[in-house]
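Going down the list, the protein sequences come from chains A and B. Counting from 12, one number per residue, gives the positions in the first sequence under our numbering. Counting from 10, one number per residue, gives the positions in the second sequence under our numbering. Don't be surprised by glycine CBs; every beta carbon is placed ideally from N, CA and C. The structure displayed is predicted, hence computed values, not measured ones.
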Amino acid sequence: MHTSDLSFIALIANASVVVQLVMAILVLASVLSWTIIFDRSRVLKKAQREAEEFENRFWSGGDLGDLYRAVDREREALRGSSAIFHAGFREFARLRENAGADPMALVEGARRAMRVALSREMDTLEHHLPFLATVGSTSPYIGLFGTVWGIMNAFQALGNVKQATLNLVAPGIAEALIATAMGLFAAIPAVVAYNRYANAVQRLENRYDDFVEEFSNILQRQAHSRTRKR
Amino acid sequence: MLAVLRRNPVALVLAILLHVALGVFLILEVDWRDEVKPIGGDVQVVQAQLVDQRKLEAEQEKLKAEERAKVEAAAAAKRAEEEKLEALKKRRAEEKRKLAELEEQRKQREKEAARKKAEEKKRVEAEKRRIAEQKRKEEEKKKKQAEEKKRQAELAARRKAEEKKRKEAEAARKKAEAEAKAKAEKERIAREKAEAERKRKAAAEAKAKADREAREAELAAQFQAEQDASEKALVVSRIRAKVERNWLKPPGTGEQGLRCTVRVRLGSSGSVLLVNVVKSSGNISFDRSVEAAVRKADPLPMPTSQRLLAQFREIEFVFEPGN
């Protein structure tokens, strides 16, 4: 009977070095995954809000040139739909300056530029989501490893004693099981958040895609009308 | 990762706060787990003490039980005495009760016998009544039979009388019928005679009538014939006159007194269908002129009577002018 104190602090303090290390890793993973959860929550909400605002502006019926000039002023801080619009319109304007450009080529160029902008936006949105997935899938195993190690130690200690009692093994198993608990504690929120945010990112991507297609249609109409005028 | 921390330190702070809060919560909540162990220790101690006390109590119980047994034995002896007395009393009461019962039974039997006697009496009376009833019934039956015989005798007499009456009636009827038949026969003969007479008379009358009618018919025929003949003569003379009127004397015939017979066939209205000279006058022109005259005279006058009309379909007449 080493001790009858089975409080958390005591259990953790009395644990072996390997188990303590495992616990430290899990705590760190949990802290980081929660950091990312908060961060992504904010970023995705903001992206959704901005996409909505910009689309309202875009479909309000104003002149596209004016809209482009307005967007161009805040070029450095562009996000989402507005960044895609900026890239597409700039490419379109540049190609148009070269006299005699084929309207199909104009639209294709603008569309390519928009695709690039879209993929860049997706990259920023998806950033760090894989980390959540990793934490969700590995931290139960890490916790399990700590538990197994702790139980191993406990039984080794049991082997050295002549009269085996429950009191001899109980603290070891308890401290070992804490590691599994911590692993699960880190994993569950990470998995839930990952599924949620992956879905949100997917919906945003669909939205941007639709916007790209619609804007391409508008550009194509403009390009054709212009060539007919000439 | 560091970029995130730089860009969004609030998130990191939030995460750390969350974990610290959780840690504090766990540490504070430790108390409930501590309570579990002392309960196990207490239970063991209580069990040990319980075993000792039971043994002592068992000893005391045993002593007490012995004392109680003695007292109970004395009480039991007394109770046995009382029970014996009680049993005696009970037996006496029982005998008394049996006696009473016997008495009761005797009374019952007597009553039973009386009842049986009464029943027997009743039964005999009933039998007597039954016999009387039977006798009465037999007498009635005899009476009825006698009545029946009488009735049948009467019936036979009546039937005989009826038979006799019927036979007499039959005989009378037959006689009457025979008489009626004879009478009818006589009548029939008389009737036949009368009939023959009547027939004879009628035949005679008929014959007379026929004769008369024949005579009349003859007369009428005669009269008719006469009438016809006169009419015929008249018509013929008229025809002759008409022909003569239409006759043109051929030249050269002179006053020789020529005559010829002509046959004329006529239509029903008197139209001339055919004319030929049957007996020539010897002078051809005269014959022709007569023929022409007849044709010219078309239509010839006809008799009014239908009877004569048939005779005038074909006529022969002698034409002789000048007279």
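Residue span of the beta strand (DSSP E) that contains residue i, given as start and end
i: Thr135(A); result: Looking at the DSSP string, Thr135(A) is not in any beta strand (DSSP E); the run it does join, the alpha helix (DSSP H), is Pro114 to Glu137.
i: Val281(B); result: Val281 to Lys288
i: Thr270(B); result: Cys269 to Leu275
Cut-off 6 Å between Cβ atoms - residues of its own chain near residue i, not counting five sequence neighbours on either side
i: Ala128(A); result: Ala94, Ile95 and Ala98
i: Ala226(B); result: none
i: Arg272(B); result: Asn285, Val287 and Glu325
i: Arg122(A); result: Ser227
i: Leu230(A); result: Phe103, Val118 and Ala121
i: Glu61(A); result: Arg90 and Gly91
i: Ala302(B); result: Val252, Asn255 and Trp256
Short CB-CB distance (under 9 Å) between residue i and chain A
i: Arg15(B); result: no
i: Ala24(B); result: yes
i: Ala30(B); result: no
i: Val19(B); result: yes
i: Lys27(B); result: Note that residue 27(B) corresponds to Leu in the displayed sequence, not to Lys. Leu27(B) counts as touching chain A.
i: Leu65(B); result: no
i: Leu35(B); result: yes
Proximity to residue i [Cα-Cα], best of the options
i: Ser278(B); options: Ala302(B), Ala301(B) and Ser314(B); result: Ser314(B)
i: Phe65(A); options: Glu87(A), Ile47(A), Ser92(A) and Ala211(A); result: Ser92(A)
i: Met34(A); options: Thr191(A), Val212(A), Asn210(A) and Tyr219(A); result: Thr191(A)
i: Leu43(A); options: Leu177(A), Glu186(A), Gly147(A) and Gly161(A); result: Gly147(A)
i: Ala26(A); options: Ile184(A), Pro200(A) and Gln167(A); result: Ile184(A)
i: Glu300(B); options: Leu317(B), Glu329(B) and Lys105(B); result: Glu329(B)
i: Pro310(B); options: Ile248(B), Leu318(B) and Pro259(B); result: Ile248(B)
i: Gly76(A); options: Thr176(A), Leu22(A) and Arg101(A); result: Arg101(A)
i: Gln236(B); options: Ala127(B), Lys116(B) and Arg316(B); result: Arg316(B)
Continuous alpha helix (DSSP H) stretch holding residue i: start and end
i: Glu323(B); result: No alpha helix (DSSP H) holds Glu323(B); the beta strand (DSSP E) holding it covers Glu323 to Phe328.
i: Pro312(B); result: Neither: Pro312(B) is in no alpha helix (DSSP H) and is coded neither H nor E.
i: Ser294(B); result: Ile293 to Lys305
i: Asp50(A); result: Val28 to Phe69
i: Gly99(A); result: Gly91 to Glu108
i: Asp77(A); result: Leu75 to Arg84
i: Leu11(B); result: Leu11 to Arg16
i: Gly170(A); result: Leu140 to Asn171
i: Leu252(A); result: No answer is possible for residue 252(A): the residues shown for chain A start at 12 and end at 241.
Min CB distance residue i to chain B below 9 Å
i: Leu89(A); result: no
i: Arg53(A); result: yes
i: Phe19(A); result: yes
i: Leu43(A); result: yes
i: Asp50(A); result: yes
i: Ile184(A); result: no
i: Ile199(A); result: no
i: Ile47(A); result: yes
i: His97(A); result: no
i: His235(A); result: no
i: Phe156(A); result: no
i: Phe142(A); result: yes
Integer Cβ distance of residue i from residue j, believed to fall under 8 Å
i: Leu27(B); j: Trp45(A); result: 6 Å
i: Gly161(A); j: Glu186(A); result: 6 Å
i: Ala209(A); j: Ile48(A); result: Not confirmed; about 13 Å, so no contact.
i: Arg90(A); j: Ala58(A); result: 7 Å
i: Ala198(A); j: Pro151(A); result: 5 Å
i: Arg322(B); j: Leu275(B); result: 6 Å
i: Leu136(A); j: Val212(A); result: 5 Å
i: Thr158(A); j: Leu188(A); result: 6 Å
i: Pro259(B); j: Phe295(B); result: 6 Å
Own chain partners of residue i with C-beta closer than 7 Å, once the 5 adjacent residues on each side are dropped
i: Val172(A); result: Leu179
i: Phe196(A); result: Ser41
i: Ala6(A); result: The question about residue 6(A) has no answer, for chain A in this structure spans 12 to 241.
i: Leu14(B); result: Leu21
Neighbour flag for residue i against chain D, beta carbons, 9 Å
i: Val38(A); result: In the displayed structure, chain D is absent; the protein chains listed are A and B.
Own chain partners of residue i with C-beta closer than 8 Å, once the 5 adjacent residues on each side are dropped
i: Gly291(B); result: Leu267
i: Glu70(B); result: none
i: Leu55(A); result: Leu136, Tyr208, Ala211, Val212 and Leu215
Residue i: CB within 8 Å of a non-hydrogen atom of the ligand COA
i: Ala187(B); result: Inclusion of the ligand COA in the displayed structure is not the case, the ligand content being empty and no account of it being possible.
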